[in-house]
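In the working numbering, each residue's number is its place in the sequence shown (first place is 1) plus 2. What follows is a short report on a single structure.
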Amino acid sequence: MTGRDRLRELLDAVLDEDNRTLADMADGAFASPYHFTRVLSRDAGEAPVAMRRRVMLERAAWRIRRGTPVTEAAWEAGYESLEGFSRAFTRAYGHPPSEAGAGAVSVWLPAANGIHFHPPTSLWVHTSEQSMNPVTDQLVRHDLDDTRELIEHAKGLSDAAWREVRGPGHEVASWEGPEESIAAVLERTVFAKEVWLAAIEGTDFPDVDRSPSPAGLLERYDAVAARWLAAVRDIDRRGAWDDRIVDALCEPPESFVLSSIVAHVLTFSAYRRQLTRVWLRAAGVDADDGDPINWLRRELGEDA
């Protein structure tokens, strides 16, 4: 006799076309939002909002590869704007949806529970899957999201406030030179990923604007963020944390352990992001504390 599969019922509620919010999902499973989230997080290892977002992106990637227009795939995935969908897709896959061609190996995104979209409307449980350590994953993704949020805040500043000297003679790292303004500190935050990606990928030293506007810096950020996340995930997937690269961009060339590069980027970025908050507040911008606890709650849909 076949018994009741409560986990399957919960998963069905997550993926139901009509269930766009946590409350909708819980109603579909005849549970309270609190109980629904607690049981699914315990049994599947992933909060319902985060799972739906990920699986819907996987489905969107599959649909786009089969010729569905990006706008239609975005709407089906629950996004109200093409810009929001493109940003989420690019961050997840390392390339914009317009490049989600048939050459891609898989539409599956990292998931510790192995639960993925299986066409046309089903789920597949990949029991042997291993994903990146949650701490590493959260540190990298929080850094990326927080940097973008700070640049968005800075877009509200006047040009004078953006470039104003707020820490005369201030240096974050001796080899970088002075970083005395919000503009300089945020530009160096983005540039660090650009230059280290060039080293990892073996490409030329990035030719970038050292004195961009906030809008110009946001364009650079959007171009590098997904590539950086994809590079870190690739290092983890290959178990290459202890591998070394010889960085020919240095004079003379130096060797670096890949794990130390990621730790380096995260360390200096964390300092620069918090310093930016101090200076943004001094400029009259209401910036939050940048707490990764609150960031993760938003990611999991637990801040409602």
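The beta carbon of each residue, even a glycine, is placed where N, CA and C say it ideally should be.
Which residues does DSSP pair with D249 in a beta bridge?
-> Secondary-structure assignment with DSSP links D249 through a beta bridge to E256.
Secondary structure at H308, three-state DSSP: helix, strand or coil?
-> Nothing about residue 308 can be read from this structure; the chain reaches only from 3 to 306.
Mind checking which residues open and close the alpha helix (DSSP H) that includes P50?
-> Note, P50: alpha helix (DSSP H), P50 to R67.
Exposed unless 16 or more other CB atoms sit within 10 angstroms - verdict on N21 | Residue burial is scored here from C-beta neighbours: N21 has at least 16 other C-beta atoms within 10 angstroms and is therefore classed as buried.
Reference D18, options L220, P50, V226 and E154, closest by Cα | If we check each option's Cα against that of D18, P50 comes out closest.
Kindly identify the DSSP beta-bridge partner or partners of E173.
-> In the DSSP output, where bridge partners are listed per residue, E173 has P180.
Residues of its chain near I295, where Cβ-Cβ distance is below 7 Å and the 5 sequence neighbours each way are ignored = Cβ neighbours of I295 beyond the five flanking positions: none.
Candidates G86, D249, R150 and L59: which alpha carbon is nearest R274's?
-> For the residues G86, D249, R150 and L59, the minimum Cα distance to R274 belongs to R150.
Less than 8 Å separating the beta-carbons of F38 and L9?
-> In this structure, L9 does not lie closer than 8 Å to F38 by Cβ.
Measure the C-alpha to C-alpha separation of D147 and P98 and round it to an integer number of angstroms.
-> Computed Cα separation, rounded: 17 Å.
In chain order, what residues of the same chain lie with their CB nearer than 6 Å to the CB of V271, ignoring the 5 residues before and after it?
-> Residue 271 is actually Ser in this sequence, not Val. When the five nearest sequence neighbours on each side are left out, the beta carbons in the same chain lying within less than 6 Å of the beta carbon of S271 are those of D145 and T191, in order along the chain.
Apart from the five residues on each side of it in sequence, which residues of its chain come closer than 6 Å, Cβ to Cβ, to R54?
-> Only V16 meet the Cβ criterion.
Closest residue to A175 among E166, V167 and A186 (Cα-Cα distance) | Comparing alpha carbon positions, the residue from E166, V167 and A186 closest to A175 is A186.
Can you have a look at D291 and say buried or exposed, based on whether 16 or more other CB atoms are within 10 angstroms of its CB?
-> It is exposed - the Cβ of D291 has fewer than 16 other Cβ atoms within 10 Å.
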